[in-house]
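Protein chains: 2
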Amino acid sequence: MALAPHGRKPTIYDIARKCGVSGATVSRALSNSGYPVSAPVRASIEAAAKELGYTPNAVGRMLRRRESMDIGVVLPNLSNPYFTSVLLGLETEAHRLGYNVLLSSSFRDPDIEARALRMLATKQVAGAIVSLTRPDAALLRELQAGGVGFVTFDQKVEGLQCSRVEFDFEAAGLLAVDHLVEQGHRDLVFVSSPIDRPSRVALRAGFLEGLERHGIPDGADRCLLGGIESEGTEGYEVENGRLLAAGLADSGRLPTAVFAANDITAFGVIQGLTARGIRVPEDVSVLGFDDLPFSAWVTPALSTIAHPAFETGAMAMRLLAETLKDRDRISVQKFAPRLVPRASVRRRGSDAPASGAATGTPDARTASDSKYRRIAP
Amino acid sequence: MALAPHGRKPTIYDIARKCGVSGATVSRALSNSGYPVSAPVRASIEAAAKELGYTPNAVGRMLRRRESMDIGVVLPNLSNPYFTSVLLGLETEAHRLGYNVLLSSSFRDPDIEARALRMLATKQVAGAIVSLTRPDAALLRELQAGGVGFVTFDQKVEGLQCSRVEFDFEAAGLLAVDHLVEQGHRDLVFVSSPIDRPSRVALRAGFLEGLERHGIPDGADRCLLGGIESEGTEGYEVENGRLLAAGLADSGRLPTAVFAANDITAFGVIQGLTARGIRVPEDVSVLGFDDLPFSAWVTPALSTIAHPAFETGAMAMRLLAETLKDRDRISVQKFAPRLVPRASVRRRGSDAPASGAATGTPDARTASDSKYRRIAP
DNA sequence: CTGAAAGCGCTTACAG
DNA sequence: CTGAAAGCGCTTACAG
Chain G
421 MALAPHGRKP
431 TIYDIARKCG
441 VSGATVSRAL
451 SNSGYPVSAP
461 VRASIEAAAK
471 ELGYTPNAVG
481 RMLRRRESMD
491 IGVVLPNLSN
501 PYFTSVLLGL
511 ETEAHRLGYN
521 VLLSSSFRDP
531 DIEARALRML
541 ATKQVAGAIV
551 SLTRPDAALL
561 RELQAGGVGF
571 VTFDQKVEGL
581 QCSRVEFDFE
591 AAGLLAVDHL
601 VEQGHRDLVF
611 VSSPIDRPSR
621 VALRAGFLEG
631 LERHGIPDGA
641 DRCLLGGIES
651 EGTEGYEVEN
661 GRLLAAGLAD
671 SGRLPTAVFA
681 ANDITAFGVI
691 QGLTARGIRV
701 PEDVSVLGFD
711 DLPFSAWVTP
721 ALSTIAHPAF
731 ETGAMAMRLL
741 AETLKDRDRI
751 SVQKFAPRLV
761 PRASVRRRGS
771 DAPASGAATG
781 TPDARTASDS
791 KYRRIAP
Chain F
421 MALAPHGRKP
431 TIYDIARKCG
441 VSGATVSRAL
451 SNSGYPVSAP
461 VRASIEAAAK
471 ELGYTPNAVG
481 RMLRRRESMD
491 IGVVLPNLSN
501 PYFTSVLLGL
511 ETEAHRLGYN
521 VLLSSSFRDP
531 DIEARALRML
541 ATKQVAGAIV
551 SLTRPDAALL
561 RELQAGGVGF
571 VTFDQKVEGL
581 QCSRVEFDFE
591 AAGLLAVDHL
601 VEQGHRDLVF
611 VSSPIDRPSR
621 VALRAGFLEG
631 LERHGIPDGA
641 DRCLLGGIES
651 EGTEGYEVEN
661 GRLLAAGLAD
671 SGRLPTAVFA
681 ANDITAFGVI
691 QGLTARGIRV
701 PEDVSVLGFD
711 DLPFSAWVTP
721 ALSTIAHPAF
731 ETGAMAMRLL
741 AETLKDRDRI
751 SVQKFAPRLV
761 PRASVRRRGS
771 DAPASGAATG
781 TPDARTASDS
791 KYRRIAP
């Protein structure tokens with residue numbers, strides 16, 4: 421791209437001059453406007469554009485058309501693989517639909533979240549897909565009134581009307597207990613980092629409900645919460661799992677199976693147990709939650725409950741596109757959990773892996789091949 | 421943000437009208453221009469702005485100033501945790517410097533790469549940080565001439581003058597052999613997926629060089645390459661590792677230690693070995709490369725060689741900011757590998773973990789606390 | 001300290 | 001099919 425005579429990048433007027441036509445005609449020829457332009461004129465314009473190394477200026481176009489193909493994404497933290505997968509799904513779908521992604525991580529800081537949101541409005545994004553730590557409904561409504569379409573996932577913001585994609589965390593807790601009981605376990609423990617998010621509350625509620633349904637007593641005592649708070653990275657989850665599991669081993673009152681609040685915590689649990697000479701799954705079964713990609717890669721491959729991250733991101737993007745077409749339309753999509761039996765849960769008193777579990781070969785999943793049942797809202 | 425009388429978002433002119441001043445004055449008051457505005461006028465402007473729910477329009481400003489605080493990022497694939505960490509470092513630094521990130525994944529498709537690059541130019545980004553599968557130097561030069569600053573990482577693009585951050589892959593291969601030999605191993609094998617990228621070539625070269633320095637024969641025979649090509653996700657690396665390790669076990673000619681081309685491959689190796697009843701590290705030691713966050717989370721915690729992902733991203737962003745200040749300045753920063761001994765490599769014939777290895781407790785790393793030696797270019 | 005005016009690069013009714 | 005003109009929202013020399 422050579423610079424035009426005025427020392428800047430060539431514009432439609434440089435092309436116009438060169439072809440002896442008006443800027444309007446160049447614009448029509450180059451912007452796929454559908455507006456009729458005679459074949460020879462069009463050809464000469466295209467040739468001149470190529471010769472001058474013309475690149476359209478999206479900023480000029482955006483200002484004039486007052487519309488944007490950019491969308492914002494604000495997430496707590498990319499160091500959590502769950503959010504990475506959400507972003508991957510979201511970006512794949514955005515790309516397919518012709519949108520560009522402006523990324524902001526908030527590190528769970530509400531001030532950063534607010535700043536990122538305002539910045540996105542400033543940039544005139546068409547919409548934003550967000551997962552907020554402490555959502556400011558008033559701010560969101562303000563930006564919404566200013567034309568920014570919103571979609572949330574894994575969270576409902578009180579006082580804000582917008583589409584969202586949900587997940588049935590309670591059903592996941594229930595499913596965990598069902599599976600473990602079905603594999604002959606009745607002495608169960610739930611292990612988690614401090615329960616901050618509503619999703620965790622729901623997951624535990626599902627676990628407790630499961631215990632009750634199966635007539636397993638002492639529900640509350642079976643919930644073990646770590647003492648280490650988040651510090652931006654996900655290491656604290658591993659650490660909580662490790663400490664809690666080690667404590668369990670030292671107490672001499674080991675359960676036969678533990679359900680971890682997420683896969684990362686499950687890894688900590690396995691570490692803590694193994695360090696005490698307790699084998700997984702021979703001595704204790706461990707069930708995770710999330711189904712992170714690498715949960716299929718470790719040894720023993722982690723039995724877990726899938727939280728469809730990629731699908732959540734892709735669906736959020738689809739709902740946003742829908743909102744941008746029809747501002748009044750809001751929809752709620754809810755995903756259901758799915759059991760992924762692998763090697764870390766074993767039927768009680770058996771040498772074989774849990775029934776239904778893949779044996780040696782971990783499932784080779786691509787980012788999008790798993791199909792999740794969707795619950796109608 | 422209420423809409424202004426004209427049915428659109430309020431502009432500086434709505435404020436100007438309300439305050440009985442000119443648009444120029446509003447602009448000066450609101451844009452931190454440093455230009456003097458009398459205190460009472462400023463106050464009334466600020467009050468009116470707040471009352472009208474004014475949000476500055478960055479598109480108008482950008483068009484007028486002909487400068488942008490957006491930067492583009494083009495990566496092969498977020499499903500590779502290495503790139504996720506690079507992005508995390510890059511975004512953290514960008515945020516600190518006031519830049520916004522436009523993200524594009526290319527899925528290793530050169531056409532998508534070219535389209536993403538053109539799109540970024542169209543959007544008038546100040547610069548871009550890229551890792552390209554098949555870099556088109558002519559295109560990059562063209563966009564560079566059009567004003568886009570480039571920084572590459574882990575790759576040097578022939579025919580393009582730009583800053584970049586490098587990593588000494590060859591030294592990493594060397595370091596791997598040194599460590600393994602130092603732990604009493606001489607029967608070594610290098611396991612990798614098909615060697616496409618130059619970085620892999622260099623890593624293997626370092627491994628071979630290491631064998632030679634230690635007088636270990638049959639270098640080429642000790643390099644095992646998988647047959648499964650990339651399909652967008654990273655699962656093929658695990659699979660190659662698994663198959664190769666299983667083959668090794670079945671052949672009955674097991675080495676005492678294997679060096680995997682990356683941590684993900686190492687997980688595959690561990691899976692393949694374990695499935696054949698071979699224990700890691702008791703029977704065979706396994707050394708990885710990358711030091712992904714979750715390599716510290718698995719059991720046994722993976723001994724590996726660190727490839728500073730977060731630092732690479734942050735450094736790339738810093739180099740880009742430098743380039744944007746001074747277009748003629750190009751610098752090359754090179755990171756050196758660092759050994760991270762954990763539990764998957766054990767001194768030959770010993771019950772203890774490799775000397776220097778953390779024992780029970782995996783190191784709790786935050787994303788940025790590790791310090792890497794930088795090699796002067 | 002303030003304002004009138006031009007202009008960033010583009011699109012699009014309007015007129016022909 | 002083509003062009004002249006206005007305008008998207010802002011900034012910034014220039015003049016006072």
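First to last, the protein sequences are chains G and F. Sequential numbering from 421 applies to the first sequence in our numbering. Sequential numbering from 421 applies to the second sequence in our numbering. Here a beta-carbon is modelled for each residue, glycine too, at the ideal position from N, C-alpha and C. These figures come from a predicted structure and were not determined experimentally.
Using 10 angstroms around the beta-carbon of G/D531, count the other beta-carbons present and answer buried if the total reaches 16, otherwise exposed.
One-based indexing of the first sequence puts residue 531 of chain G at position 111. That one is exposed.
Any idea what DSSP makes of G/S612, helix, strand or coil?
Residue numbering aside, residue 612 of chain G sits at position 192 when the first sequence is read from its first letter. Strand, per DSSP.
Just mark F/D710 as buried or exposed, buried being the case when its beta carbon has 16 or more other beta carbons within 10 Å.
Counted from its first residue, the second sequence places residue 710 of chain F at position 290. Burial call: buried.
Please tell me whether F/I465 has its Cβ less than 8 Å away from any Cβ of chain G.
Here residue 465 of chain F refers to the residue found at position 45 when the second sequence is read from its first residue. Not one chain G Cβ lies under 8 Å of F/I465.
Tell me whether F/P637 is buried or exposed, calling it buried when 16 or more other Cβ atoms sit within 10 Å of its Cβ.
Mapped onto the second sequence, residue 637 of chain F falls at position 217. The residue in question, F/P637, is exposed, as its Cβ has fewer than 16 Cβ neighbours within 10 Å.
CB-CB under 6 Å to G/Y455, same chain, minus the five flanking residues each way: which ones, in chain order?
Numbered from 1 along the first sequence, position 35 holds the residue referred to as residue 455 of chain G. For G/Y455, where only same-chain residues beyond five positions count, the Cβ hits under 6 Å are R448.
According to a CB-to-CB cut-off of less than 8 Å, which residues of the segment 512 to 526 of chain G neighbour chain F?
T512, H515, N520, V521, L522, L523, S524, S525
By the DSSP assignment, the beta strand (DSSP E) with G/F709 in it spans what residues?
Along the first sequence, read from residue 1 onward, the residue named residue 709 of chain G stands at position 289. Run containing G/F709: 705 to 710, per the beta strand (DSSP E) assignment.
Where the segment 676 to 697 of chain F meets chain G: residues whose CB sits under 8 Å from a CB there
Flagged, chain order: I684, F687, G688, I690, Q691, T694, A695.
Starting from F/P476, find everything on chain G with Cβ-Cβ shorter than 7 Å and list it in chain order.
For the purposes of this step, residue 476 of chain F is taken as residue 56 along the second sequence, with counting starting at 1. The answer, in chain order, is T542.
Rounded Cβ spacing between F/G492 and F/L472 (contact assumed at less than 8 Å)
By one-based count along the second sequence, residue 492 of chain F stands at place 72. By one-based count along the second sequence, residue 472 of chain F stands at place 52. No, F/G492 and F/L472 are not in contact; Cβ-Cβ is about 33 Å, not under 8 Å.
Distance cutoff 8 Å, beta carbons only. Does G/T504 sit that close to anything in chain F?
For the purposes of this step, residue 504 of chain G is taken as the residue at position 84 of the first sequence. Output row for G/T504: interface = yes.
C-alpha distance - G/T431 paired with F/M735, whole-angstrom precision:
Walking along the first sequence from the start, residue 431 of chain G turns up at place 11. Walking along the second sequence from the start, residue 735 of chain F turns up at place 315. C-alpha separation (whole angstroms): 34 Å.
Ignoring anything shorter than 4 residues or poking outside the segment 605 to 677 of chain F, list the alpha helix (DSSP H) runs there in chain order.
618 to 633, 655 to 671
Use the C-beta contact count for G/D783: other C-beta atoms within 10 angstroms, 16 or more gives buried, fewer gives exposed.
Here residue 783 of chain G is taken as the residue at index 363 of the first sequence, counted from 1. Summary for G/D783: the model assigns pLDDT 41, below 50, so the residue's position carries little reliability; its value from the coordinates is reported in the next sentence. Exposed, because fewer than 16 other Cβ atoms sit within 10 Å of the Cβ of G/D783.
Where DSSP assigns a beta bridge to G/F570, which residues make up the other side?
The residue you call residue 570 of chain G lines up with position 150 of the first sequence. G/F570 pairs with G/A548.
Taking only the alpha-carbon atoms, compute the straight-line gap between F/A763 and G/E654 and give it to the nearest angstrom.
Within the second sequence, the letter at position 343 stands for residue 763 of chain F. Within the first sequence, the letter at position 234 stands for residue 654 of chain G. Cα-Cα distance, rounded: 21 Å.
Does the separation of the CB atoms of F/H605 and F/A677 fall below 8 Å?
Within the second sequence, numbered from 1, the residue matching residue 605 of chain F stands at position 185. Within the second sequence, numbered from 1, the residue matching residue 677 of chain F stands at position 257. Result yes, Cβ atoms of F/H605 and F/A677 sit closer than 8 Å.
Quick check on this structure: which residue in F/R486, F/R462, F/D598, F/T732 has the alpha carbon closest to the alpha carbon of F/R767?
As a working mapping, residue 767 of chain F is identified with position 347 in the second sequence. It is F/D598.
Please report whether the beta-carbon of F/E632 lies at a distance below 8 Å from any beta-carbon of chain G.
Numbered from 1 along the second sequence, position 212 holds the residue referred to as residue 632 of chain F. No, its Cβ sits nowhere closer than 8 Å to a Cβ of chain G.
Using a 10 Å radius around the Cβ and a threshold of 16 neighbouring Cβ atoms, would you call F/D789 buried or exposed?
On the second sequence, position 369 is the one that residue 789 of chain F refers to. Low per-residue confidence applies at F/D789: pLDDT is 35, beneath 50, and the placement is therefore not dependable, though the value from the model is reported in the following sentence. When all chains shown are included, F/D789 counts as exposed.
Could you tell me which residues DSSP puts in a beta bridge with F/D490?
Working through the second sequence from its first residue, we reach residue 490 of chain F at position 70. BP columns for F/D490 point to F/N520.
Let me confirm a value: F/E533 is counted as buried when at least 16 other C-beta atoms fall within 10 Å, else exposed. Which label applies?
By 1-based counting over the second sequence, the position of residue 533 of chain F is 113. Label assigned to F/E533: buried.
Is any non-hydrogen atom of the ligand GTP found closer than 7 Å to the C-beta of G/A734, if you look at the structure I gave you?
Looking at this structure, you won't find the ligand GTP or any other ligand, since it has none at all.
Can you name, in chain order, every residue of its own chain whose Cβ lies under 8 Å from the Cβ of F/E466, other than the five neighbours on each side?
Taking the second sequence and counting its residues from 1, the one referred to as residue 466 of chain F is at position 46. Counting only Cβ-Cβ distances below 8 Å, and skipping sequence neighbours, we find A449, L450.
Distance check for G/V765 and G/V706, CA to CA, integer angstroms please.
In the first sequence, residue 706 of chain G corresponds to position 286, counting from 1. In the first sequence, residue 765 of chain G corresponds to position 345, counting from 1. Spanning the two alpha carbons is a distance of roughly 6 Å.
Does the segment 676 to 692 of chain F touch the segment 686 to 697 of chain G, meaning 3 or more C-beta pairs lie closer than 8 Å?
no
When you compare the segment 737 to 749 of chain G with the segment 710 to 725 of chain G, are there three or more beta-carbon pairs, one atom per stretch, that lie closer than 8 Å?
no
At which residues does the beta strand (DSSP E) containing F/E586 begin and terminate?
Numbered from 1 along the second sequence, position 166 holds the residue referred to as residue 586 of chain F. Where F/E586 is concerned, the enclosing beta strand (DSSP E) starts and stops at 583 to 587.
In terms of DSSP beta bridges, what is F/Q753 paired with?
To locate residue 753 of chain F, count along the second sequence from 1; it is residue 333. According to DSSP, F/Q753 bridges with F/V585.
Among G/R481, G/R554, G/Y433, nearest to G/S453 - alpha-carbon criterion:
Translated into the one-based positions of the first sequence, residue 453 of chain G becomes position 33. The shortest C-alpha separation from G/S453 is found at G/R481.
Going by DSSP, what residues sit across from G/A736 in a beta bridge?
What you label residue 736 of chain G is simply residue 316 of the first sequence in a count that begins at 1. Answer is none; G/A736 lacks a bridge partner.
What does a CB cutoff of less than 8 Å around F/T694 pick up in its chain, not counting 5 residues either side in sequence?
The residue you call residue 694 of chain F lines up with position 274 of the second sequence. Counting only Cβ-Cβ distances below 8 Å, and skipping sequence neighbours, we find V700.
Using 8 Å for Cβ pairs, my map puts G/G733 next to G/L540. What's the rounded Cβ distance?
Your numbering for residue 733 of chain G matches position 313 in the first sequence. Your numbering for residue 540 of chain G matches position 120 in the first sequence. About 17 Å; that fails the 8 Å criterion.
Helix, strand or coil for G/S505, going by three-state DSSP, please let me know.
Working through the first sequence from its first residue, we reach residue 505 of chain G at position 85. Three-state DSSP puts G/S505 in a helix.
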